[in-house]
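Structure first, then comments.
Number of protein chains: 2
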Amino acid sequence: MARRRYVSIKEVAARAGVSFQTASKVLNGGDVRVSAETAARIVAAAERLGYRPNTIARSLVQRTTATIGLIASDATDVAITLASVAAEQAARRHGHAVLVGHLAPGGADGASIVRTLIDRRVDGVIAAAPDVEEDNEVADLLRAYGPAVSLQAIPGGGVPLVGSNHRETGRLATEHLISLGHSAIGTVTGLFRRRVTRSRLHGYEDALRQAGLAPDDGLVAEADWTPAGAAAATRDLLERQPQLTAIFVHSDMMAMGVLSALHEARRRVPAEVALVSCDDIPFARYLVPPLSTVRVPLAETGERAVEVLLRVIAGQPVPEKPSLLPVELIVRESCGGTPASTSPARAGPAHQAGQARQATETTEATEATEQEKR
Amino acid sequence: MARRRYVSIKEVAARAGVSFQTASKVLNGGDVRVSAETAARIVAAAERLGYRPNTIARSLVQRTTATIGLIASDATDVAITLASVAAEQAARRHGHAVLVGHLAPGGADGASIVRTLIDRRVDGVIAAAPDVEEDNEVADLLRAYGPAVSLQAIPGGGVPLVGSNHRETGRLATEHLISLGHSAIGTVTGLFRRRVTRSRLHGYEDALRQAGLAPDDGLVAEADWTPAGAAAATRDLLERQPQLTAIFVHSDMMAMGVLSALHEARRRVPAEVALVSCDDIPFARYLVPPLSTVRVPLAETGERAVEVLLRVIAGQPVPEKPSLLPVELIVRESCGGTPASTSPARAGPAHQAGQARQATETTEATEATEQEKR
DNA sequence: TTGTAGGCGTTATCAC
DNA sequence: GTGATAACGCCTACAA
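As you go down the protein sequences, you meet chains A and B in turn. Heads up, the final residue of the first sequence is numbered 355 in the numbering used here, and it's a clean run with no missing numbers. Heads up, the final residue of the second sequence is numbered 355 in the numbering used here, and it's a clean run with no missing numbers.
This is the structure:
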């Protein structure tokens, strides 16, 4: 367990009887104008000695670290974690290491994370933490230093965005509830100050209006993305609007809180209250009842973000327009497969999703798919 | 968005009218045998120019990177993610950056992650990925290069372990079910090849034997830590042992699968089947019904791991014995608060947990606590 | 085909 | 108090 003395390229060279510069040349595979025989000797020596290049030294001269920074949120929302983990894996597939900093729940330390990354001279950074949407200091640092890509809007702009169409998401979910015959549709939202919340709310209102229903602020309850907050918001909603027959909730994590509150209030899902959510985290299908939700391609988002970042790092122009990935409604049981006979509401129009499709999923099919993955 | 030209200490020095060595001295706060006035001038210049030290260059000469490596699992198990995120946050609090590598679901790329970390000359590494328990190559690399700490056993030993007493965990959960009057207690386990599984199974058997009940292999169903796998195992179990009235499941993630399968089988929880799990992930309380579970201090485990690692890095002796954190039974509704009147089974003995306590939690109390945290 | 010189940005050890 | 010299491990010319 003692700290290992790393062998340097000079030792390899000495062993092979060449200068270390020659060794460097063959070990880096570049333009090897070296006899095949000496090359082999060098490679053999390197192997024998267990040579591992010191990327620190290499970075110093090359002025690039092959490392990207990742600002991640704490682990409370599984959906976001999914995106950041996928980003890390994608970066590594592309030959880059990843330096992460997770925002702490209380502290507004986004800037200190970014500074750590800058000091370590990462080649670029990905912001995958909703909280930084409100952090001007982070935004300034990101703009000032090197390339960056964000999974949420950055104040002041200037940082390419990768995400999905949140308005579409809200619309899809709400339209589906309308098409099932619901007209008293409440919504448990994320924090109002987040763009994603406002966009999904707009989508929700779009769908209502399109069906001739008037949006009503009394049907909207703000929560904080946590199950606890969503449970509280749901209790409020049920008290204020006991007649509601459906709820659109802005995230699967919050859907758990909604289900919990509904259960405590003895309202059966979907018989008495239908529920549609957003995200489609891996275990959404295992909630009781299985959750209908608009799938947001979180993992793909993370992967796309590193692709965009790596492209910018490579010198390509910074994308002007956000990169939006398609969302898709996944129908399971929490919204009821058939219209809930609550009111004579007009059936909503068919789904005319732009870049979205609708998928209906049977229990058996899902299970099979997910088993396969293992 | 253009890549910023970083200002070097030489520019700062020039600006302040001193040599760069002097600037280095005052900027690093070391033994400042420099006039207060020049010092101030240097600091001012650094600030004005937005000087950020190049830690790459610093690392090269100091042969330490103030960076630790973290081998993490993919995000499928929330519990494990909790530990690795906490570890990262703790490391940063201690002034260290963290380079992560998440194991990909399929690939056995643990070793390649470790090599990436080694090449980047991290000061130490934390293995927080159950999968590496079976990876000899990772174990060898960890032993060969620098300090390491693991959250699970490492083949061949030599790497300090931080975790919890799994046998105790299994015993606590099972004893509680026994104390509620159950005698036909099934268990949905993790993968048999993992130590944690075997330990929890031993705890389960300990409790049964102590209550005069004979362990029965027919009551044991292996799963793969996923909700899907646990659901399948549960269906098997219900088919083979329709008389069972209680289940001990080895993780909260799997508990979701168990609840799902129970729901599909129309078995009410806890009225017909009582359930106790392990982990106490943050949303365990929001499952339907709220999950009784043995709390494993995941976040604390991650924090402890970095403390141990940092101590070893600082030159203190490598701990011989594993560092085990206490577990605690959290009673919620999934096991039923009162004895299920199923069989005339002898009530189990009172809990004589070694380092564990039992906590009973009301809905109200939990909610209050969790709300506070925000 | 191989070796030499120079430098990446910093810190450390001495002289001055 | 301050600055010159050397070194960390490597890479990229360019010279031999």
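Heads up, the beta-carbon is just placed ideally off N, CA and C, and yes, glycines get one too.
From the listed residues B:Leu98, B:Leu158, B:Arg102, B:Ala(-5), the smallest Cα separation to Arg(-14) (chain A) is found for B:Arg102.
Look at Asp55 (chain A): its C-beta is under 9 Å from a C-beta on chain B.
Listed along the chain, the chain A residues whose CB falls inside 7 Å of the CB of Leu200 (chain B) amount to none; the nearest CB is some 23 Å away.
Counting along the chain, the unbroken alpha helix (DSSP H) around Ser5 (chain B) starts and ends at 1 to 8. Non-local beta-carbon contacts of Leu218 (chain A) in its own chain, meaning distances under 6 Å to residues more than five positions away in sequence, involve Gly167, Ala202 in chain order. A direct Cα-Cα distance of roughly 35 Å separates Glu281 (chain B) from Leu194 (chain B).
Across the stretch 204 to 233 of chain B, CB contacts with chain A closer than 8 Å involve Asp205, Thr207, Pro208, Ala209, Gly210, Ala212, Ala213, in sequence order along the chain. Annotation: Gly171 (chain A) is outside any beta strand (DSSP E) and is labelled neither H nor E by DSSP. Residues of the stretch 99 to 128 of chain A with a C-beta less than 7 Å from any C-beta of chain B: Ile99, Asp100, Arg101, Arg102, Arg124, Ala125, Tyr126, Gly127, Pro128, listed in chain order.
Straight-line measurement puts the Cα of Asp58 (chain B) at about 27 Å from the Cα of Gly139 (chain B). Within chain B, the residues whose beta carbon sits less than 8 Å from that of Gln70 (chain A) are Asp55, His83, Ala85, listed in sequence order. At least 9 Å separates the CB of Gly91 (chain B) from every CB of chain A.
Residues His157, Leu158, Leu161, Ala227, Pro251, Ala255, Leu256, Val257, Ser273 of the same chain have their beta carbon placed closer than 8 Å to that of Cys316 (chain A), with the five preceding and five following residues left out of the count. Identification of chain B residues near Asn35 (chain A) by a Cβ-Cβ cut-off of 7 Å yields Arg102, ordered along the chain. Straight-line spacing of the CA atoms in Glu118 (chain B) and Gly31 (chain A) works out to 14 Å.
Distances from the alpha-carbon of Gly(-2) (chain B) to those of B:Leu41, B:Asn9, B:Val24 put B:Val24 closest.
Within chain A, the C-beta atoms nearer than 8 Å to that of Ala38 (chain B) come from Leu41, in chain order. Think of a sphere of 8 Å around the beta carbon of Tyr267 (chain A): the chain B residues whose beta carbon falls inside it are Pro208, Ala209, Ala212, Met237, Gly238, Leu240, Ser241, in chain order. Burial is judged here by how many other beta carbons sit within 10 angstroms of a residue's own beta carbon; Ser16 (chain A) has fewer than 16 and is exposed. Annotation: Val239 (chain B) to Pro208 (chain B) spans about 7 Å, alpha carbon to alpha carbon. At a Cβ-Cβ threshold of 9 Å, Ala64 (chain A) and Leu132 (chain A) count as neighbours.
Contact annotation: Val308 (chain A) and Ala68 (chain A) have beta-carbon atoms that are not nearer than 9 Å. For the C-beta of Thr97 (chain A), the chain B residues within less than 8 Å are, from N- to C-terminus, Arg73, Ala78. If you draw a straight line from the Cα of Ser54 (chain A) to the Cα of Val66 (chain A), it comes to about 11 Å. In the same chain as Arg148 (chain B), and ignoring 5 residues on each side of it, the C-beta atoms closer than 6 Å to its own belong to Ser180, His183, Gly184, in chain order.
Contact annotation: the stretch 141 to 155 of chain A does not touch the stretch 76 to 88 of chain A, with fewer than three C-beta pairs closer than 8 Å. Bounds of any alpha helix (DSSP H) do not take in His77 (chain B), whose DSSP letter is neither H nor E. DSSP lists no beta-bridge partner residue for Leu158 (chain A). Any Cβ of chain B closer than 9 Å to the Cβ of Phe1 (chain A) would place that residue at the interface, and such an atom is absent. Per DSSP, reduced to three states, the secondary structure at Leu30 (chain A) is helical. The continuous stretches of alpha helix (DSSP H) do not include Glu115 (chain B), and DSSP gives it neither H nor E.
From the beta-carbon of Phe173 (chain A), no residue of chain B is found nearer than 9 Å; the closest lies around 15 Å away. A Cβ of chain A is located within less than 9 Å of the beta carbon of Tyr(-13) (chain B). Counting only unbroken stretches of 3 or more residues, the beta strand (DSSP E) elements lying wholly within the stretch 117 to 154 of chain B are 129 to 131, 143 to 145, in sequence order. Judged by DSSP in its simplified three-state form, His244 (chain A) adopts helix. Taking Gln224 (chain B) as reference, the option from B:Leu98, B:Glu253, B:Asp261 with the minimal CA-CA separation is B:Glu253.
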